[in-house]
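Colleague:
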Amino acid sequence: MSNCCSVEACGVVRRPHATCSSADPLTRCSDDFGPRDDRFHRPPSVAAEVPWPCSVLSLDVGRRRIGLAGCDPLGITVTPLPALHRGKFESDLPFLQRLCLDRRVEGLVVGLPLDSAGSATAQADHCRRYGLRLAGALQLPLAWVNEHSSTWAAGERHGLAGDRSGRLDSAAAALLLEQWLQEGPELKPVQFHGGSASAREADGGS
Numbered sequence: 540m541s542n543c544c545s546v547e548a549c550g551v552v553r554r555p556h557a558t559c560s561s562a563d564p565l566t567r568c569s570d571d572f573g574p575r576d577d578r579f580h581r582p583p584s585v586a587a588e589v590p591w592p593c594s595v596l597s598l599d600v601g602r603r604r605i606g607l608a609g610c611d612p613l614g615i616t617v618t619p620l621p622a623l624h625r626g627k628f629e630s631d632l633p634f635l636q637r638l639c640l641d642r643r644v645e646g647l648v649v650g651l652p653l654d655s656a657g658s659a660t661a662q663a664d665h666c667r668r669y670g671l672r673l674a675g676a677l678q679l680p681l682a683w684v685n686e687h688s689s690t691w692a693a694g695e696r697h698g699l700a701g702d703r704s705g706r707l708d709s710a711a712a713a714l715l716l717e718q719w720l721q722e723g724p725e726l727k728p729v730q731f732h733g734g735s736a737s738a739r740e741a742d743g744g745s
């Protein structure tokens, strides 16, 4: 594997993991949504805080838009994707299902907007419910990332402050994914019943 860096349109740079290989069954993508539990156990020689690279979809969940970003199966290149302008959950789900199938996504990373003290905000609770509902519907493992100031940082980096088109949201999602690739935590399987009342609260009942 080459030791050079890859740079994508959003300016995110990732170095290849020296231990990963496209022939490694732990890093190969699957064609369905089924979580593979054997992926979530790393050998002791690998640092626990760095997740196994795989194709992941990152979401910056807002009330009106969801910023989206993805990475390649080796976790080298992070790419911002067109943001989703939200409707009802049931209406948006087919789009997200197709996106995950097309990109062979193996896990979700969802940002939680914690406050400066690290405590959950009302929006963080909303994002958590949405993430659980989506992971349950897609049958994909999930990881949370603290997105405190990520939108501001994305706006500063890319000159997108005040943007309402969705580009800023997806740039923030790309920063979340870059952070996850560098720091973790590991993706965790989700056991969640998407038809429950608590799940419907993720969209205020929509």
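If you read the sequence shown in my numbering, its first letter stands for residue 540, the second for the next number, and so on.
Every residue gets a Cβ at the ideal spot worked out from N, C-alpha and C, and that includes glycine.
Since we're looking at a predicted model, the values are computed, not measured.
Taking the alpha carbon of Ser-709 as the reference point, which residue from Arg-602, Ala-659, Leu-598 and Ser-594 has its own alpha carbon closest?
Modeller: Taking only the C-alpha atoms, the option nearest Ser-709 is Leu-598.
Colleague: Spatial neighbours of Ser-584 within its chain, please: C-beta separation below 7 Å, excluding the five flanking residues on both sides.
Modeller: Per-residue confidence for Ser-584 stands at a pLDDT of 43, beneath the threshold of 50, marking its modelled position as unreliable; no derived number is given.
Colleague: Is the beta carbon of Arg-604 less than 7 Å from the beta carbon of His-624?
Modeller: Contact: yes.
Colleague: To the nearest angstrom, how far is it from the Cα of Trp-591 to the Cα of Glu-725?
Modeller: Looking at the two C-alpha atoms, the distance is approximately 8 Å.
Colleague: Does the Cβ of Glu-602 have 16 or more other Cβ atoms within 10 Å, making it buried, or fewer, making it exposed?
Modeller: Strictly speaking, residue 602 in this sequence is Arg, with Glu absent from that position. So Arg-602 counts as exposed.
Colleague: Answer yes or no: do Pro-652 and Glu-686 have a C-beta to C-beta separation smaller than 7 Å?
Modeller: Yes. Within cutoff.
Colleague: Measure the Cβ-Cβ separation of Val-644 and Ala-682 and say whether it is below 7 Å.
Modeller: Contact: no.
Colleague: Where does the unbroken alpha helix (DSSP H) through Ala-676 begin, and where does it stop?
Modeller: Start and end: 661–677.
Colleague: Using only alpha-carbon positions, find the residue among Ser-630, Leu-640 and Glu-629 that is nearest to Val-595.
Modeller: It is Leu-640.
Colleague: Can the beta-carbon of Ala-713 be found closer than 7 Å to that of Ala-622?
Modeller: Contact: no.
Colleague: With a CB to CB cut of under 8 Å and the five nearest residues on each side skipped, what residues in its chain are close to Gly-573?
Modeller: The pLDDT assigned to Gly-573 is 41, lower than 50, so where the model puts this residue is not dependable; a value taken from the coordinates is nonetheless given after this. Closer than 8 Å at Cβ, skipping near neighbours: Gln-678.
Colleague: For the alpha helix (DSSP H) that contains Pro-633, what are its first and last residues?
Modeller: Counting along the chain, the alpha helix (DSSP H) containing Pro-633 begins and ends at 628–642.
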